[in-house]
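Participant: Quick one: the structure is below, questions incoming.
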Amino acid sequence: MVSYLEKFKLFMKIQKNAAALTIKGYERDIAQFFRFLDSQGYSVQSLNYPILRHFLALLKEQHYSRSTIARKISAVRAFLRYLKKEGVLSGNSWEIVSTPKKDKRLPVFLYPDEVLELLEAPEKGSVLGLRDRAILEILYGSGVRVSELTGLNLADVDMEDGFLRILGKGTKERIVPIGKYARQAVAVYLRNGRPELEKKCEPERQEDALFLNKLGQRLSDRSVRRILSKYSARIGLGSQVSPHALRHSFASHMLNAGADLRIVQDLLGHASISTTQIYTHITKDELKRTYLKTHPRA
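Okay, structure coming up:
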C-alpha cells in the first residue's frame, strides 16, 4: 500500500491541484488508517462497511473532535476511491459510512480596539520591530493566510498601487489590496529593516522573500505564530492569539462595515461562499457587544 500512497499523493498534486499542506495531512491520516488495519489484522482488499465503522468508533473513543474525525474519514475515502479507480478494490460498501457533522465553532477574532493595540506593540526603533509591525499590518490589512504571507517575495508587492500577488491554496493566484497603513509599514521595513536582516545571510544563500528571519532567510509560518503570541501576551490578550485570528478579524470587521459578502469571499480566497458566511455570525456578536456597551437600558 505504501507505493499506492505515493501514487495517490502524486495524483492529488497533479490531478487535483491540492496544496502541499493538504497532501501532507492526507498522508498522515491515511497512515493512521494503515496502522489501524495492521493492528486489527485487516487487509485493504477485505475492507467493508463494518471495518470502516470500527475505525470510526476507535476515533471517537480516542476523543478526537467531530471536525478532526470528519477530516480523517474524508482523507481515507479519497484514498479508497483512488484504489477503486486503480482496480485494487472492487466493492464500495465503505461509501455508506456517514461522516460526523462538524462542530459549529465561531472563529476566534479580535475587536477593533484590540487589533489597534496589537499593531502598536512592536518596538518602532528596532529592525525586528519594523519587520513585525509590517507583518501584523499585512495580516490584518489583507486577510491573507500565514502561509501566504511567508510565501511572499519582493516581486509580489506592488507598493505604488497597493496590491499583493498571493499564491493561495491549490496554487490559485489572487490579487488583494493593502491599505495605506500596511503600505507605510512595509515601506519603512523595506528601507530600514530588511536590508539589515539580509546582511546576516551569506550572499549565495540570500532569498527574494519579503519577510526575513534574524539570520536573513525566509521567515517560517511557525516564527510568525511565535511573533504574534509574543505581542498578544504583551498587551494582555494571552498567548493563544494566532495569525488566523487576524484573518478572521479582517473578515468580520469588513462585514460589520457593510462590505459585500462575495467581495470578502474573493479577498479571503475562499472557494465557497458558505465558508465566508460564518463571519455573519460574528457580526451579530459584535452588534450585541456594542448594544450592551452603549445602550443605557441594556
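Here the numbering used here is used: the first residue of the sequence shown is 1, the next is one more, and so on. All C-beta atoms in this analysis are idealised placements derived from N, C-alpha and C, irrespective of residue type, glycine included.
Looking only at its own chain, which residues have a Cβ that is under 7 Å from the Cβ of I235, when we skip the five neighbours before and after it?
Facilitator: E117, L118 and A121
Participant: Going by DSSP in three states, R145 sits in which element: helix, strand or coil?
Facilitator: Three-state DSSP puts R145 in coil, outside helix and strand.
Participant: I'd like to know if K172 contacts chain D, where contact means its C-beta is closer than 8 Å to some C-beta of that chain.
Facilitator: As a matter of chain content, chain D is missing from the structure shown, which is built from one protein chain.
Participant: Taking Cβ to Cβ, would you say I135 is nearer than 8 Å to L149?
Facilitator: yes
Participant: For G193, I'd like the list of residues in its chain whose CB is within less than 7 Å of its CB, leaving aside the five on either flank, ordered along the chain.
Facilitator: V127, L130 and R131
Participant: Helix, strand or coil for R194 per DSSP?
Facilitator: helix
Participant: What residues are listed by DSSP as bridge partners for V176?
Facilitator: L164
Participant: Can you have a look at L246 and say buried or exposed, based on whether 16 or more other CB atoms are within 10 angstroms of its CB?
Facilitator: buried
Participant: Which runs of the alpha helix (DSSP H) at least 4 residues long sit entirely within the segment 201-272? Give them in chain order.
Facilitator: 221-234, 243-256 and 261-268
Participant: Just confirm the distance between the C-beta atoms of F55 and F33, as a whole number of angstroms; I'd bet it's less than 8 Å.
Facilitator: 6 Å
Participant: Using DSSP bridges, identify the partner residues of N153.
Facilitator: A209
Participant: Would you tell me roughly how many angstroms separate the C-alpha atoms of T68 and L139, rounded to the nearest one?
Facilitator: One C-alpha to the other measures close to 26 Å.
Participant: Is it true that the segment 76-84 meets the segment 193-208, where meeting means three or more beta-carbon pairs spaced less than 8 Å apart?
Facilitator: no
Participant: For a quick check, are the C-beta atoms of I96 and Y64 less than 8 Å apart?
Facilitator: No, these two residues do not count as a Cβ contact at 8 Å.
Participant: Leaving aside the five residues before and after K9 along the sequence, list all residues of the same chain whose C-beta is less than 7 Å from its C-beta, in chain order.
Facilitator: Excluding positions up to five away in sequence, the list reads I23 and E27.
Participant: Would a C-beta distance cut-off of 8 Å place A182 and G216 closer than the cut-off?
Facilitator: no
Participant: Per the DSSP calculation, D158 is bridged to which residue(s)?
Facilitator: F163
Participant: Going by beta-carbon coordinates alone, are S239 and S232 separated by less than 8 Å?
Facilitator: yes
Participant: In angstroms with no decimal places, state the Cα-to-Cα distance between I166 and Q62.
Facilitator: 38 Å
Participant: Could you give the DSSP three-state label for H54: helix, strand or coil?
Facilitator: helix
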